[in-house]
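Asker: Residue numbers (our numbering): 45 to 306. Dropping a structure here in structure tokens format, bear with me for questions.
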Ligand SMILES: [Zn+2]
Ligand SMILES: [Zn+2]
């Protein structure tokens, strides 16, 4: 794996290290393509609510400038892409796309951390009922069909019992949607290093059954994430035993091209 498209920065307030430290660690670990995808700022919440885990709108300019400067500084040594990890909140999404337009962001990955939105909805790790599970899958599929996301991060982040038939059914529905749209699904390394219940075999097998390809995403919240070779090996083994083909290719200019066509 010489590419990683899931990299955070300290602007989200739960990641550490300077932007340049991520670049240096990635190069040291043999990464040749590094995509930054910090938690997207969001607009349109009610009142003065603001999410605790994403960059502020005012940080976006600095983020874009910093990543662009690093791209120039390390040109020829490592390819650096400018992206965001973004939830799809249907009611707020059109205004978000308008807000992001001037910034030259190349790509977005979908990270659906909440149902509805984080002000009014349920954290996806707390999803317990089948209705909520279905809603999660619906929201992910609707997001992918907007055509602006390059892949879906941790599709199996949803906190529902893995051993149930409905979990497999809904994971297959997400995987089928990704496959139809030609998008890979992510195997998330932070889930492994944090000992969470994702990536899970049930999802990887569902994705393999639907003919998906998978991208390994480090979901780096510290530069040290690039040195987690055990987690990487485990992810590769999990994909192999599920029969899921790993790629590092996807269209990482989808958002950029969406704006060009407007
Ligand atoms: Zn995060
Ligand atoms: Zn992430």
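Using N, Cα and C, we set each Cβ at its ideal position, and we do this for glycine too. Please read these numbers as outputs of a predicted model, since none were measured by experiment.
#1: Out of 302, 255, 265, which has the shortest C-alpha to C-alpha gap to residue 291?
#2: Nearest-angstrom Cα distance between residue 193 and residue 228?
#3: Can you tell me where the alpha helix (DSSP H) with residue 235 in it begins and where it stops?
#4: Quick one, are the C-beta atoms of residue 125 and residue 147 less than 8 Å apart?
#5: Can you name, in chain order, every residue of its own chain whose Cβ lies under 7 Å from the Cβ of residue 266, other than the five neighbours on each side?
#6: Is the stretch 96-106 touching the stretch 66-83, taking contact as three or more C-beta pairs under 8 Å?
#7: Return helix, strand or coil for residue 282, following the three-state DSSP convention.
#8: The alpha helix (DSSP H) spanning residue 107 covers which residue range?
#9: Relative to the C-alpha of residue 206, which residue among 244, 220, 174 is closest?
#10: Beta-carbon separation of residue 248 and residue 225 under 8 Å?
#11: Along the alpha helix (DSSP H) that carries residue 71, what are the first and last residues, could you check?
#12: Compute the minimum distance between the beta carbon of residue 50 and the heavy atoms of ligand 1, and state whether it is under 7 Å.
#13: How would you write the range of the beta strand (DSSP E) that residue 129 sits in, first residue to last?
#14: Under the criterion of a Cβ to heavy atom distance below 7 Å, does residue 263 qualify as lining ligand 2?
#15: Compute the Euclidean distance between the alpha carbons of residue 214 and residue 120, then round it to the nearest angstrom.
#16: Is the beta carbon of residue 50 closer than 8 Å to that of residue 261?
#17: With H, G and I counted as helix, E and B as strand and the rest as coil, what does DSSP make of residue 166?
#18: Give me, in chain order, the residues of the same chain whose beta-carbon lies closer than 7 Å to that of residue 99; leave out the 5 immediate sequence neighbours on both sides.
#19: Buried or exposed: which applies to residue 242, given that a residue is buried once 16 or more other Cβ atoms fall within 10 Å of its Cβ?
Answerer: Quick look at the numbers:
#1: Of the listed residues, the one whose Cα sits closest to residue 291 is 255.
#2: Residue 228 has its alpha-carbon roughly 10 Å from the corresponding atom of residue 193.
#3: Per DSSP, residue 235 is one residue of the alpha helix (DSSP H) stretching across 233-237.
#4: When the beta-carbon positions are compared, residue 125 and residue 147 stay at least 8 Å from each other.
#5: The answer, listed in chain order, is 59, 60, 61.
#6: A contact exists between the stretch 96-106 and the stretch 66-83.
#7: Helix at residue 282.
#8: Boundaries of the alpha helix (DSSP H) harbouring residue 107: 104-117, taken from the DSSP string.
#9: Residue 244 is the option with its Cα nearest to residue 206.
#10: For residue 248 and residue 225, no; Cβs fall outside 8 Å.
#11: Per DSSP, residue 71 belongs to the alpha helix (DSSP H) from 63-72.
#12: Residue 50 Cβ: outside cutoff for every heavy atom of ligand 1.
#13: Looking at the DSSP string, the run of the beta strand (DSSP E) that includes residue 129 is 123-130.
#14: Yes, Cβ of residue 263 sits closer than 7 Å to a heavy atom of ligand 2.
#15: Taking the straight line from one Cα to the other gives about 42 Å.
#16: Their beta carbons are under 8 Å apart, which means residue 261 touches residue 50 by this criterion.
#17: Looking at residue 166 - three-state DSSP - the assignment turns out to be coil, as it is neither helix nor strand.
#18: Around residue 99: 55, 56, 82, 83, 85, 107.
#19: With a 10 Å radius around the Cβ and a threshold of 16 neighbouring Cβ atoms, residue 242 comes out buried.
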